[in-house]
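The structure under discussion appears below in the form of structure tokens.
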Amino acid sequence: MLDVQSLTSVALAVTQQDLFEHVLNDPVLGSSIYANIGLAGASLLFFMFLARNVDDPRSQLIIVSAMLVSAVSISSYTGLASGLTIDVLQMPDGHALEGATTTLEGSGEEVEGTISLWGRYLTWTFSTPFILLAIGLIAGSNVTKIFTAIVFDMLIMVTGLAAALTTSSHLMRWFWYAISCTFFIVVLYILLVEWPEDAKAAGTTEIFNLVRNLTVVLWVGYAVWWAIGNEGLALIEDGGITSWGYSVFDIVAKYIFSFLVINWTIKNQDLISGGSSYGATGDAIPADD
Ligand code: RET
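Per my numbering, the sequence shown starts with residue 33, numbered consecutively.
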């Protein structure tokens with residue numbers, strides 16, 4: 033039998049279309065997403081143009097890696113824009129936004145919960161490894177260190193996603209956050225202690241320091257922003273402003289970062305080159321030059 037309570041909950045269920053329209057009709061939230069779809073697309077085309085004449089395989093690997101950051105980004109922001117990878121989540125007892133409501137901008141309907149752009153954390157799992165691969169290759173690091181940095185990095189993002197999606201207990205949200213930060217320390221150690229020595233040996237210290245510093249400062253910024261944004265302590269309660277923070281970090285950590293890497297690589301192919309057969313796997317290995 034259908035009672036009044038279940039009727040209300042049916043009426044209040046947030047659909048994907050509600051979320052799509054919410055993004056569309058909230059200028060702050062919407063612009064934080066649409067701007068990045070445009071920027072990611074434009075960067076991809078621009079990087080393709082810049083690198084059109086590069087034929088050294090190791091330089092190409094660094095460039096492709098940097099370009100993949102934008103390729104993942106356009107997919108990530110499309111997920112958010114379509115409402116596929118966002119939700120209105122009801123925060124557990126003890127969270128600053130426990131019992132908060134959100135007005136859906138499309139329908140004007142008020143629903144319980146706060147907006148979560150959880151797709152960001154999901155897709156960072158696929159974009160940030162390419163940032164680290166590019167930095168590790170520039171530093172001339174070995175497979176062990178690159179593998180370690182990348183796997184722990186992916187775990188940062190997956191556990192960050194778990195922190196965002198856990199609604200059962202406030203403590204468990206922060207426990208996930210603490211696990212994520214612990215993995216982050218591993219990545220920071222590699223960036224700050226291991227790779228500088230490798231970069232020195234490779235003669236790439238200058239560009240390494242530039243992109244490494246940019247990365248370390250911004251990545252710490254993401255972690256702090258999560259803690260103070262609507263999903264953490266909610267010092268910033270608004271989902272749109274929280275989202276713009278990440279979007280600004282993304283613009284520097286992805287597109288500006290990639291431009292610096294690609295532009296430098298194009299000009300320093302001699303230094304980066306591992307020979308024309310670098311990475312070859314078949315019998316038809318061209319003669320080494
Ligand atoms: C989270 C929350 C949990 C604790 C930590 C985090 C770190 C996130 C970082 C994100 C970097 C994202 C980039 C995206 C570009 O594509 C998940 C926010 C430590 C470091 C560079």
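We put the CB at the ideal spot given by N, CA and C, even for glycine.
Whole angstroms is fine: what's the gap from residue i's alpha carbon to residue j's?
i, j, result
"Ile288", "Tyr66", "18 Å"
"Lys286", "Gly314", "33 Å"
"Gly70", "Ile163", "20 Å"
"Val42", "Gln48", "In this prediction, Val42 has a pLDDT of 46, which is less than 50 and means its spatial position is unreliable; what the coordinates show is noted afterwards. Going by the C-alpha atoms only, they are around 14 Å apart."
"Met33", "Asp50", "Interpretation of Met33 is limited by its pLDDT of 49, a score under 50 that renders its predicted location unreliable; the figure taken from the coordinates is listed afterwards. If you take the alpha carbons of Met33 and Asp50, they lie about 27 Å apart."
"Pro207", "Trp257", "Checking the sequence shown, residue 207 turns out to be Phe, not Pro. Near 17 Å, if we compare the C-alpha coordinates of Trp257 and Phe207."
"His127", "Tyr209", "14 Å"
"Ile106", "Gly73", "7 Å"
"Asn300", "Asn85", "13 Å"
"Glu229", "Ile170", "12 Å"
"Ile211", "Ala259", "14 Å"
"Gly261", "Thr180", "29 Å"
"Val322", "Glu142", "Within the shown structure, residues of the chain are numbered from 33 to 321, placing residue 322 beyond reach of any answer."
"Trp276", "Gly264", "16 Å"
"Phe78", "Ser91", "17 Å"
"Tyr254", "Ile298", "29 Å"
"Ala196", "Ile95", "32 Å"
"Thr133", "Asp185", "33 Å"
"His202", "Ser148", "15 Å"
"Gly111", "Ile118", "8 Å"
"Gly272", "Ser64", "7 Å"
"Thr247", "Asp270", "26 Å"
"Thr236", "Glu144", "52 Å"
"Lys177", "Val249", "21 Å"
"Val104", "Trp296", "22 Å"
"Gly62", "Ala233", "46 Å"
"Ile222", "Asp302", "26 Å"
"Gly131", "Thr274", "19 Å"
"Leu100", "Arg152", "16 Å"
Taking its Cβ as the centre, do 16 or more other Cβ atoms sit within 10 Å of residue i, making it buried, or is it exposed?
i, result
"Phe81", "exposed"
"Arg351", "Given that the chain is displayed from residue 33 to residue 321, the structure contains no residue 351 and the question cannot be resolved."
"Ile182", "buried"
"Ile217", "exposed"
"Ser309", "exposed"
"Leu116", "exposed"
"Ala231", "buried"
"Gly311", "exposed"
"Leu267", "exposed"
"Ala98", "buried"
"Gly168", "buried"
With the cut-off set at 9 Å, would you say residue i and residue j are in Cβ contact?
i, j, result
"Val60", "Leu136", "no"
"Val175", "Ala113", "no"
"Thr214", "Arg205", "no"
"Leu242", "Leu292", "yes"
"Asp87", "Ile304", "no"
"Ile239", "Ala83", "no"
"Ser75", "Ala166", "no"
"Leu154", "Ser108", "yes"
"Gly140", "Phe52", "no"
"Trp150", "Leu93", "no"
"Val190", "Thr157", "yes"
"Leu121", "Thr146", "yes"
"Glu226", "Ser279", "no"
"Ser283", "Asn68", "Here residue 283 is Ile; the residue named in the question, Ser, does not match the sequence. Yes, the pair counts as a contact, with Cβ atoms nearer than the cut-off."
Closer than 8 Å: is that where the CB of residue i sits relative to any heavy atom of the ligand RET?
i, result
"Leu61", "no"
"Ile268", "no"
"Ala285", "yes"
"Thr180", "no"
"Ser305", "no"
"Ala166", "no"
"Met189", "yes"
"Ala255", "yes"
"Ser107", "no"
"Tyr221", "no"
"Gly192", "yes"
"Val243", "no"
"Arg291", "It should be pointed out that residue 291 corresponds to Phe in this sequence rather than to Arg. Answer for Phe291: no, Cβ out of range of the ligand RET."
"Ile163", "yes"
"Asp50", "no"
"Thr160", "yes"
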